[in-house]
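For reference, the structure discussed in these notes is given below.
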Amino acid sequence: MITTMADPATSRAWIARLREKAARERVPVSALLELTSRCNLRCVHCYLGPQDEQQRKRDQEMDTAQACDAIDQLGAAGCLYLTITGGDPMMRKDFPAIYRHARQQGLLVSVYCDGILVHDGILALFRELPPRNVEISLYGATAATYESVTRVPGSHAGAMRGIRALLDNGIRVSLKTVLLTINQHELDAMERFAAELDVPFRFDGAIFPCLPNGDLAPLQVRLNPSQVVALEMRDPARRAAWRKAWEAAQQAPADGRRVYTCGAGQSSLYIDPYAQVSPCLMTTHHRFSLREKPLRELWQQELAAVRQKVYTSADQAPPAHLRGVCAHCPGVNRLETGSETTESPFVLELARLRHAAIAEAAPAGQTLGAEHGA
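Just so we're aligned: 259 in this note's numbering is position 258 of the sequence shown, and the numbers increase by one with no gaps anywhere.
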C-alpha cells in the first residue's frame, strides 16, 4: 500500500527515518554535484578562490555525457537527493540537459544558484520538471550592500528578477545568506524580504579559507564567534532548535574515536566539476577520480577508508558535551589548523558559546552538563 505524505510532519519523519537507515547501511542517499566552479559573481568571501583561475579550468570540466554518467552511477548506488551547484551551475549551457537527465532518472533535485542567470528556457524546464527546491544566495537587502559582496554592478537587480520570476512560475524557492562584516546590518531586512515572499530563509556565519590553497582572504570579512552566536540566539525559535539538536545528539550513541562523525562518506558524497569524488565539499583533500574507477568502487573502498580514520588519542576529539552544537568538520580543521584532528578554534568557540547560550536559557534547575562553561 502506498501512503501519501501530504502532512509536513509525516514527511519530515519519513525523511528522517530514511536518512537514519541510509547512515546505518552506508548508502549514499544524497549527493552534491558541482557542475562548474565558474560563476558570474566575484564574491569577496568565495571559498573557490579567484574566478580567473576557475575560468581557465573550463576545459577540464566533465562534459555533458560524463556528468550524466555520474548521475546514473549515483542513482545505481542508491542516491535519491541530488543537489546541483557551482559556482553557478547555469553558467553551463548544458545545465538544462543535465538537470533534465537527473529528473528523468527519478532523482529529487535541488539547485543552488544566485538567480541571476534564470531565463525563460530555465523557467519552462522547471515548470515541466519541477525541482525539489531552488536555493538562492542573498548577499544583502539593498543593491549597495549586495554588490559590495558580489563586486558585480547590477547583480542585485538581476537576482531580484530571478527570484520573482521563479516564484511567479510556481517554483519552490528558498533564500539563504552568509553573514559577513559588510552585510550583517541588513540581516533583519533580508529576513523581512523572505517573509514578504513567504519563502524559507536561513543564514550562516561560517566563512573559511579557500579550498584550493588555504588562502585566508575570505576570513577578512568573517564575523567573530560571539557575533555569530548573538545573531543565532536572538530568535527564541532558533535557540530552541539548537537546544533540541543538542539534546538529540547527547542521547544518540557516539563513537568518540571516529574523526568523521557526520554523513560525509557515510550517507552522502560530493563530486566536483572535474570528476573527482570526495566525502563532502569541505574534504576535497580526499579526492578520487571517477574517470579511473566507477563510483560504486570508490564508495566501497576509498571513501570507506576515509570513514575509518580514528583519533590517535582521546583528547583530540571535540568535547562530548558539545555534540549537537559543534559543527565539527575534519575538512575545516585541515584548512584552519593544517590537521583533520586539530579542531578549528573558530568552530570550537562557536560551539562553546552556543552551549553556554542554551544553558543560560534552560529552565531553573536544569543544566546542560557541568562543563558548559569550559
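Idealized CB from N, CA, C, for every residue including glycine.
Check: Quick check on the DSSP output: the beta strand (DSSP E) that includes residue 177 runs from which residue to which?; Outcome: 174-179
Check: Can you round the beta-carbon distance between residue 274 and residue 38 to whole angstroms, since I take them to be within the 8 Å contact cut?; Outcome: 6 Å
Check: Give the single residue among 100, 46, 326 whose Cα lies nearest to the Cα of residue 183.; Outcome: 46
Check: Among the candidates 286, 95, 337, 265, whose CA atom is the shortest distance from the CA of residue 27?; Outcome: 265
Check: Return the Cβ separation of residue 118 and residue 91 in integer angstroms, given the expectation that the two are a contact with Cβ distance under 8 Å.; Outcome: 4 Å
Check: Among the candidates 62, 205, 67, 74, whose CA atom is the shortest distance from the CA of residue 298?; Outcome: 74
Check: Just confirm the distance between the C-beta atoms of residue 179 and residue 260, as a whole number of angstroms; I'd bet it's less than 8 Å.; Outcome: No, residue 179 and residue 260 are not in contact; Cβ-Cβ is about 26 Å, not under 8 Å.
Check: Among 225, 291, 89, which one has its Cα closest to the Cα of residue 205?; Outcome: 225
Check: How about the stretch 317-324 and the stretch 285-301: do they share at least three Cβ pairs that are nearer than 8 Å?; Outcome: no
Check: Would you kindly work out how many angstroms separate the C-alpha atoms of residue 249 and residue 126, rounded to a whole number?; Outcome: 40 Å
Check: Count the C-beta pairs between the stretch 9-25 and the stretch 92-99 that are closer than 8 Å, then say yes if the count reaches three, no if not.; Outcome: no
Check: In chain order, what residues of the same chain lie with their CB nearer than 7 Å to the CB of residue 258, ignoring the 5 residues before and after it?; Outcome: 311, 312
Check: Residue 343: buried (16+ other C-beta within 10 angstroms of its C-beta) or exposed?; Outcome: exposed
Check: Please classify residue 55 as buried or exposed, where buried requires at least 16 neighbouring CB atoms within 10 angstroms.; Outcome: buried
Check: Measure the beta-carbon distance from residue 240 to residue 362 and round it to whole angstroms, keeping in mind my assumption that it falls under 8 Å.; Outcome: 6 Å
Check: Between residue 84 and the rest of its own chain, which residues show a CB-CB distance below 8 Å, the 5 nearest in sequence each way excluded?; Outcome: 31, 32, 33, 34, 110, 111, 112, 113
Check: Tell me whether residue 284 sits in a helix, a strand or coil according to DSSP, three-state version.; Outcome: helix
Check: Taking 7 Å as the limit between beta carbons, can you name the residues of its chain near residue 317, skipping five residues before and five after?; Outcome: 342
Check: Taking only three categories from DSSP, how would you classify residue 137?; Outcome: strand
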